[in-house]
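**Student:** Going down the list, the sequences are from chains A and B. Residues 1 to 241 in this note's numbering are what the first sequence spells out, letter by letter. Residues 1001 to 1208 in this note's numbering are what the second sequence spells out, letter by letter.
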Amino acid sequence: MQAKVEFFQRDRSIHPPLHAPGYKTSVTRSPRQALLSLQNSLSEVTGPVFGHNDLGPLDNDLIRNYAKTGDPIGERIIVHGRVLDESGRPIPNTLVEFWQVNAGGRYRHKKDTYLAPIDPNFGGCGRTLSDADGRYFFRTVKPGPYPWRNYVNSWRPAHIHFSIFGSGFVQRLITQMYFEGDPLIKTCPIVNAIPDPDAIDRLIAPLDLNASVPLDTLAYRFDIVLRGQRSTMFENRLEGN
Amino acid sequence: MINKLAYIKETASQTAGPYVHIGLIPHQAGFDIFATNFGNAIAGPKTEGQRITIEGRVFDGTGTPVRDVLIETWQANAAGRYNHPADTRNKPLDPDFRGWARTGSDFETGIYTIDTIKPGIVPGRHGRPMAPHINFWIVARGINVGLNTRMYFADEREANAADPVLNLIELDVRRKTLLAEPVRRDGKIVYRFDIRLQGENETVFFDV
């Protein structure tokens, strides 16, 4: 088997630019100097490794992992998919973390003051490891939309935040998953910072009735693609001798 | 029509948002949910190496501390080995050191802190040694794609002068943005590493 070493260069044309004036907060938080391109060394191709000891048994069940007096309010959903690289290879045993508002659109965060109520039975965060085939899943309630101060009447579409590791630290990715059919997606300045319409579509999870649990829980499918890694066909060792 | 390459595209990045803490460091967002939390004190009692604290703030283009930033660091152990299967060199692994830290800046002061050990020298490309350094990844509301940079140790003058990555930075004034100065405080060695997202003395960020 050939050793996989360097990662494919990141295709920045499918990512939002750092300076995206329509998303106002990016204006003062984006570098003005060009990023310095750096070939991969061991510092880039390695990254933290996680195991089942890092997780608890309910970490991927947001319906139960903060339940105090009963289940949280909201539509019960399963989110599932695969973590792949740009060559289509599954990325196994990688940490996938997620967080979201409750069904009313409120985060359990001391800085969130939106008037929708906190749900006493909903924490809003979880995590899991992808399996040997790169598959992951978790159970939660569908998050609600909420207003935010960008334009006076800006509303975030319903979304779930995702954090994914991959095997090398330069695969590290944070993104947001949206829901098929949500009319707020097309008006959102954070979504619209992405210049490529196909890249936006890939953040929208379709309803997956086949994966739902009849009479119990609907399912949405969200595949995540991290940067690919090239195989050594000719000598190109990162660390030399 | 010519053959198509069968690659698929990377998933687009989106900002971590103002409430990244509830997902990644919920104990800092004001509630307790997980039995084990990832944190910013990553040197255990048995970890080999010199204890250091890294402390600093992240500033936006107006010079204001960013108080909702999340920082992750990734580093080699004291022997200069990464705890990862791609690092196959014959150097000792430290069973008490994963090498990865995560923390948020303080909601009031904007100060972040990481308690770790000083990493060893790691070979760069073509075997050229890289000076001891810690890899940083920074996300926050308003940051559309996580920012990568490195912290170097200002007191490693000789190693820094030969470092292949620092030497890629043409302007000396910019190279200095990656150097953390040590201070002694209460018997601890503290490296001060401020990050400037924009403007005067803007930190060098890498497209890795």
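Glycine included, every Cβ here is placed at the ideal spot set by N, Cα and C.
1) Please name the residues in the segment 97 to 121 of chain A whose beta-carbon is closer than 7 Å to at least one beta-carbon of chain B, in chain order.
2) Using the rule of at least 16 other Cβ atoms within 10 Å of the residue's Cβ for burial, across every protein chain shown, is Gly181 (chain A) buried or exposed?
3) Can you list the residues of chain A that His1027 (chain B) reaches, using a CB-CB cut of under 9 Å?
4) Leu1070 (chain B) and Gly1104 (chain B) - do their beta-carbons sit closer together than 7 Å?
5) Given that a residue counts as buried once 16 or more other Cβ atoms are within 10 Å of its Cβ, and exposed if not, what is Ile1002 (chain B)?
6) Could you check whether the Cβ of Met1 (chain A) sits closer than 7 Å to any Cβ belonging to chain B?
7) How should Met1 (chain A) be labelled, buried or exposed, when 16 other C-beta atoms within 10 angstroms of its C-beta is the threshold for buried?
8) I need the boundaries of the beta strand (DSSP E) containing Arg1141 (chain B), first residue and last residue.
9) Can you find a C-beta in chain B that's less than 7 Å from the C-beta of Asn241 (chain A)?
10) Within 8 Å, do at least three Cβ pairs link the segment 10 to 17 of chain A to the segment 188 to 196 of chain A?
11) Using the beta-carbon of each residue, which ones in chain B are nearer than 8 Å to Ile185 (chain A)?
12) Closer than 9 Å by beta-carbon distance: list the chain A residues that pair up with Arg1098 (chain B), in chain order.
13) What do you get for Gly166 (chain A), buried or exposed, if any count of 16 or more other CB atoms within 10 angstroms of its CB means buried?
14) Closer than 8 Å between beta carbons: that is the criterion. Which residues of the segment 1181 to 1200 of chain B meet it against chain A?
15) Can you name the residues of chain B whose CB is closer than 7 Å to the CB of Thr94 (chain A)?
16) By a C-beta neighbour count over all protein chains shown, 10 Å radius and 16 as the cutoff for buried, is Tyr151 (chain A) buried or exposed?
17) Taking only beta-carbon atoms, is Thr1011 (chain B) less than 7 Å away from chain A?
18) Using a Cβ-Cβ cutoff of less than 6 Å, which residues in the same chain neighbour Asp1068 (chain B) once the five nearest sequence positions on both sides are dropped?
19) Comparing alpha-carbon positions, which option in A:Thr175, A:Gln100, A:Thr25, A:Thr46 lies nearest Arg1089 (chain B)?
20) If you follow the alpha helix (DSSP H) that Gly1023 (chain B) is part of, which residue opens it and which one closes it?
21) Given this structure, state the Cα-to-Cα distance separating Leu209 (chain A) from Leu62 (chain A), to the nearest angstrom.
22) Could you pull the DSSP bridge partners for Tyr1082 (chain B) from this structure?
23) Please classify Leu203 (chain A) as buried or exposed, where buried requires at least 16 other C-beta atoms within 10 Å of its C-beta.
24) Looking at the structure shown, is Asn93 (chain A) part of a helix, part of a strand, or coil, going by DSSP?
25) When burial is assigned at 16 or more other CB atoms within 10 Å of the CB, is Val1183 (chain B) buried or exposed?
26) Counting Cβ pairs closer than 8 Å, one from the segment 1003 to 1014 of chain B and one from the segment 34 to 46 of chain A, do we hit at least three?
27) Let me check understanding here. Comparing Cα to Cα, which of A:Gly51, A:Ile118, A:Leu58, A:Pro90 lies closest to Gly74 (chain A)?
28) Work out the CA separation of Glu97 (chain A) and Leu226 (chain A) for me, nearest whole Å.
29) Leaving out five residues on either side along the sequence, give the residues of the same chain with a beta carbon under 8 Å from the beta carbon of Phe50 (chain A).
30) On the three-state DSSP scale, how would you describe Ala1012 (chain B)?
31) Who are Ala1041 (chain B)'s beta bridge partners in DSSP?
32) From the DSSP output, which residues share a beta bridge with Gln176 (chain A)?
33) Can you confirm whether Asp1106 (chain B), when its beta carbon is compared against all beta carbons of chain A, has any partner nearer than 7 Å?
34) Secondary structure at Gly1063 (chain B), three-state DSSP: helix, strand or coil?
**Tutor:** With the given structure in hand:
1) Glu97, Phe98, Trp99, Tyr107, Arg108, His109, Lys110, Lys111, Asp112
2) exposed
3) None at all; the shortest Cβ gap to chain A is about 11 Å.
4) yes
5) exposed
6) The pLDDT assigned to Met1 (chain A) is 36, lower than 50, so where the model puts this residue is not dependable, and the model offers no usable value.
7) With a pLDDT of 36 at Met1 (chain A), under the threshold of 50, the modelled position of this residue cannot be trusted, and the question is left open.
8) First-last for Arg1141 (chain B): undefined, no H or E at that position.
9) The pLDDT assigned to Asn241 (chain A) is 42, lower than 50, so where the model puts this residue is not dependable; a value taken from the coordinates is nonetheless given after this. So yes, Asn241 (chain A) belongs to the interface.
10) yes
11) Correct list: empty, because the minimum Cβ distance to chain B is about 12 Å.
12) Pro48, Val49, Phe50
13) buried
14) Leu1197, Gln1198, Gly1199
15) Neighbours of Thr94 (chain A) on chain B: none; closest Cβ ~13 Å, over 7 Å.
16) exposed
17) yes
18) Pro1018, Ala1140, Arg1141
19) A:Thr46
20) 1020 to 1024
21) 20 Å
22) None, per the DSSP bridge assignment.
23) buried
24) coil
25) exposed
26) no
27) A:Ile118
28) 15 Å
29) Asn93, Thr94, Leu95, Leu129, Phe165
30) coil
31) B:Asp1115
32) A:His161
33) no
34) coil
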